[in-house]
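Take a look at the structure below.
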Amino acid sequence: MGSTSEMCGTSANTRDLWALAQKFASASVDSTRKDVKSSINNINSIQQGIESSLIFVGCKASGKTTIILRLADRDEAPAPTSALEYTFARKTRGMTGAKDLIHIWEVAGGTRLSDLVKIPITDATIHTITPCVVLDLSRPEGIITTLDHFLALFNERVETLLHGLEKRGSKRPTALRKHAWKKYGGEHPDQSELKPSPIPLVVIGTKYDLFRDFEPETRKLVCKTLRYAAHINGASLIFTSTKDESSMERCRQLLYHHGFKANAPKAHIVDHNKPLMVLGGADSLSQIGHPAKSSDKESIGRVKALDWNTWKAIYSQRLPQNEVQENDALKDFVDLPKYREAAIDNVYAQKKAEFLQRQERLLHAAR
């Protein structure tokens, strides 16, 4: 009997062990399936490639096209840009063979045709686009009004799109705003003064070789003011010159960082005697200082931060700014008389007459 009992016990134990082994094997298979599925998804994601957009705006004849040609690895002479132009840059990534793509847009004419930025900046591209404001450092009398114009324009466009997405229940606006603060690290001492753009921004100062010969006080004022504007908006700031290969390569690396998600340049240059290179979030108001002369000890010692309007006023006192030009300069880009259309001209004349008549009636009624 003892022998039979031992045999029954052994049989039961064997069944328990077998059931346990089956359960373990089943769990292991499920886990393996999940791991394989996750790996396949990751591989598919990598193989799909990165698709992003850059849009270049800024001062007329500031070198936007030259920067774009360098970014796209095209060895050709820059041609004048008409209104809004499009090109692209493509790159094969590592061993995966993924095709990364940057859509590149350029708006010509300084601030005159700036409303064209609405074409590439949409709710479908807002999470992948980086506006780049290009400023001609050799003409400091025009860079602050130009920068201020485009910063306000981008902010208005982005907020309009994000508001529309929020109304449709999208979580993207919250994610973009949260991500914009990450570049500043944890608790930043300037937090109360910062208004980071929900999308990345790049400010590029060109023709540094000419700017380098300006008076030291002028260079200090320009550098400080641009650093302040970039810092509070979360933008990266870089100075470059076609005659300085190292600065051009840093600019290319910075644009690769935003377009192809490559590593950002490691350089951090804030000396006004050198071409600046400051990544978004890497500056501080204490390092920037105040827009006063270095000999004005009272201004330098102030603790209270100045707002952007004060910076602009101080800058304009030293370097009076040109007025922003309105969006009425299509005649600069096309010779309209060559492309007359009688039907269109007649309709235009009719509508213009109707508008003037309606305006006259409204004025008469208001008297």
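Those letters in the sequence shown? Residues 0 to 366, by numbering that gives the first Met the number 0. Just so it is clear, CB atoms sit at the ideal spot from N, CA and C, and this is done for glycine as well.
Nearest-angstrom beta carbon gap, residue j and residue i [assumed within contact, 8 Å]
i	j	result
Ser196	Leu152	12 Å between Cβ atoms; not a contact.
Lys223	Ile142	Rounded, the Cβ-Cβ distance is 13 Å, inconsistent with contact.
Thr159	Ile203	That belief does not hold up - the Cβ atoms of Thr159 and Ile203 are roughly 25 Å apart, past 8 Å.
Leu254	Leu115	Not confirmed; about 20 Å, so no contact.
Pro77	Thr65	5 Å
Val133	Lys206	10 Å between Cβ atoms; not a contact.
His257	Val201	7 Å
Enclosing beta strand (DSSP E) for residue i [first to last residue]
i	result
His102	Ala97 to Val106
Val56	Glu50 to Gly57
Val201	Val201 to Thr205
Lys181	It is not in any beta strand (DSSP E) - Lys181 instead sits in the alpha helix (DSSP H) that spans Arg171 to Lys181.
Ile118	First-last for Ile118: undefined, no H or E at that position.
Arg92	Leu83 to Arg92
Thr129	Ile128 to Asp135
Close-in-space but distant-in-sequence residues of the same chain around residue i (CB under 8 Å, 5 per side omitted)
i	result
Thr91	Ala97, Lys98 and Asp99
Buried versus exposed, by CB contacts within 10 Å (16 or more), residue i
i	result
Thr95	exposed
Tyr347	exposed
Gly168	exposed
Lys311	buried
Asp74	exposed
Gly300	Per-residue confidence for Gly300 stands at a pLDDT of 40, beneath the threshold of 50, marking its modelled position as unreliable; no derived number is given.
Gly184	exposed
Ser293	Its pLDDT being 49, under 50, Ser293 is placed unreliably in this model, and the coordinates cannot settle the point.
Gly93	exposed
Ile42	The predicted position of Ile42 is uncertain, since its pLDDT is 49 and thus under 50; no value can be drawn from it.
Ile120	buried
Glu105	buried
Ile101	buried
Ile39	Here Ile39 scores only 48 on pLDDT, less than 50, and its place in the model is too uncertain to base an answer on.
Start-to-end residues for the alpha helix (DSSP H) that takes in residue i
i	result
Lys63	Lys63 to Leu70
His218	A quick correction: the sequence has Arg, not His, at residue 218. Note, Arg218: alpha helix (DSSP H), Pro215 to Asn232.
Val157	Ile142 to Lys166
Arg211	Element bounds for Arg211: n/a, residue is neither H nor E.
Ser315	Trp307 to Arg317
Ser285	Leu284 to Ile287
Nearest neighbour of residue i, chosen from the options [CA to CA]
i	options	result
Phe213	Asp282, Leu318, Trp310 and Thr121	Leu318
Leu164	Glu216, Asp122 and Gly185	Asp122
His262	Val269, Leu278 and Ile268	The amino acid at residue 262 is misidentified as His; the sequence shows Asn. Checked all of Val269, Leu278 and Ile268; the closest Cα to Asn262 is Leu278.
Thr145	Pro119, Cys58 and Arg171	Cys58
Leu175	Glu84, Thr127 and Pro77	Thr127
Ala391	Glu353, Asn272 and Ser283	Residue 391 is absent from the model: the chain starts at 0 and stops at 366.
Ser137	Ala304, Asn345 and Thr217	Thr217
Cys131	Leu236, Asp306, Ala341 and Glu155	Leu236
Ile231	Trp180, Leu134, Pro264 and Pro139	Trp180
Pro79	Arg69, His162, Leu70 and Ala60	Ala60
Trp307	Arg226, Gly108, His178 and Ile103	Arg226
Gln190	Ala342, Ser285 and Asp270	Ser285
Thr309	Pro290, Lys351 and Lys265	Pro290
Arg156	Lys219, Leu68 and Ile125	Ile125
Glu50	Ile103, Leu70 and Ala341	Ile103
Cβ-based neighbour list, residue i, same chain, cut-off 7 Å, excluding 5 preceding and 5 following
i	result
Lys369	Given a span of 0 to 366 for the chain in the structure shown, any question on residue 369 remains unanswerable.
Ile118	Leu83
Asn380	Only positions 0 to 366 of the chain appear in this structure, which leaves residue 380 out of reach.
Nonlocal neighbours in the same chain, by C-beta distance under 6 Å from residue i, ignoring five residues either side
i	result
Leu209	Ser137
Leu161	Pro172
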